[in-house]
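A short worksheet on the structure shown next.
Residue numbers (the working numbering): 2 to 324.
Below is the structure:
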């Protein structure tokens, strides 16, 4: 009787390290030991930097705000004062605090309702591929390249009472009705806001223009077919599609306004009508009369104030996306 030899199929070669191994269910086992190490480094290093540079200083500021520590020596139980720093601030004991809060909110309102819409308007106009649009983009974006310190020096020269461009252009020097734009505490904040807007408008324009370029052109064509004009197309079609960009712009505008420091400090060190929370934090934390605990309390209040509009807008944006 003849013998039958059964030859079994050769076993598949073992996958090399790092290859994708497919199972019968179509799943893939990707991670090898080397992959795990790479993943730990890629996730661990940014997480460590985030903890060290953001969360640790934030938690430390909250803790120090409950003390009267002056920055010398260790923090002991004797330095703990509870909520006295906050009570002193909110009760008006520190007379510069409430003017600084008001100035920060004025700064936020100005950038939100004047500078940012102006940047969006320029972006919409330049999105039409008009002749020389590249030149206009470069001109509007040029101030963004400059540091705020340089911007402060430039506008300090423009607002000079006798030699500045503003007074001479308005004919105030010849008529003898010179206006001290930066020295008058009733108007110097708005003069500084003009300088801040000069830089902020170009920043918002570039961000929004990039978003407009990514909008599907068929949406505009469909709106045009339905009889919508350009204004209706923008607010009813383009603007809702730009929701992610709008979120970024709101967050950046809030951050720029509440952390405002350079321009006011360059002009008069944040005094005489230019008090800002960021300047009060600096003056109390690293000045001659060092009060780190008190300055930390102001920093925590600034953090809470900045989180308010950002969280509110983000929650509304997320609610809109879900619906």
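Here a beta-carbon is modelled for each residue, glycine too, at the ideal position from N, C-alpha and C.
Starting from residue i, trace the alpha helix (DSSP H) in both directions and tell me its first and last residue.
| i | result |
| --- | --- |
| residue 113 | It is not in any alpha helix (DSSP H) - residue 113 carries neither H nor E in the DSSP assignment. |
| residue 169 | 166-170 |
| residue 185 | Here residue 185 belongs to no alpha helix (DSSP H), and DSSP marks it neither H nor E. |
| residue 43 | 34-51 |
| residue 270 | No alpha helix (DSSP H) contains residue 270, which DSSP labels as neither H nor E. |
| residue 153 | 149-159 |
| residue 238 | Looking at the DSSP string, residue 238 is not in any alpha helix (DSSP H), and its letter there is neither H nor E. |
| residue 63 | 57-65 |
| residue 261 | Counting along the chain, residue 261 falls outside any alpha helix (DSSP H), and DSSP gives it neither H nor E. |
| residue 78 | Neither: residue 78 is in no alpha helix (DSSP H) and is coded neither H nor E. |
| residue 144 | 134-146 |
| residue 118 | 117-127 |
| residue 92 | Looking at the DSSP string, residue 92 is not in any alpha helix (DSSP H), and its letter there is neither H nor E. |
| residue 279 | 278-287 |
| residue 218 | 218-226 |
| residue 174 | 173-176 |
What's the gap between the Cα of residue i and the Cα of residue j?
| i | j | result |
| --- | --- | --- |
| residue 296 | residue 147 | 29 Å |
| residue 103 | residue 69 | 26 Å |
| residue 85 | residue 284 | 19 Å |
| residue 241 | residue 235 | 9 Å |
| residue 320 | residue 314 | 10 Å |
| residue 168 | residue 199 | 18 Å |
| residue 45 | residue 62 | 24 Å |
| residue 95 | residue 250 | 33 Å |
| residue 205 | residue 75 | 45 Å |
| residue 90 | residue 307 | 17 Å |
| residue 139 | residue 111 | 24 Å |
| residue 137 | residue 143 | 10 Å |
| residue 178 | residue 78 | 59 Å |
| residue 316 | residue 43 | 30 Å |
| residue 287 | residue 270 | 14 Å |
| residue 244 | residue 176 | 50 Å |
| residue 218 | residue 48 | 39 Å |
| residue 58 | residue 291 | 18 Å |
| residue 55 | residue 141 | 33 Å |
| residue 193 | residue 113 | 15 Å |
| residue 272 | residue 99 | 13 Å |
| residue 216 | residue 117 | 20 Å |
| residue 87 | residue 227 | 57 Å |
Can you check whether the CB of residue j is closer than 7 Å to the CB of residue i?
| i | j | result |
| --- | --- | --- |
| residue 153 | residue 264 | yes |
| residue 202 | residue 119 | yes |
| residue 278 | residue 253 | no |
| residue 180 | residue 173 | yes |
| residue 276 | residue 101 | yes |
| residue 65 | residue 83 | no |
| residue 183 | residue 160 | yes |
| residue 186 | residue 93 | no |
| residue 281 | residue 268 | no |
| residue 212 | residue 188 | no |
| residue 107 | residue 209 | no |
I think residue i touches residue j, with their Cβ atoms under 8 Å apart; what is that distance to the nearest whole Å?
| i | j | result |
| --- | --- | --- |
| residue 72 | residue 293 | 4 Å |
| residue 310 | residue 248 | 12 Å between Cβ atoms; not a contact. |
| residue 221 | residue 238 | 7 Å |
| residue 197 | residue 261 | 7 Å |
| residue 259 | residue 105 | 6 Å |
Let me check you understand the geometry: is the CB of residue i closer than 6 Å to at least one non-hydrogen atom of the ligand PLP?
| i | result |
| --- | --- |
| residue 59 | You won't find the ligand PLP in this model; it holds no ligand whatsoever. |
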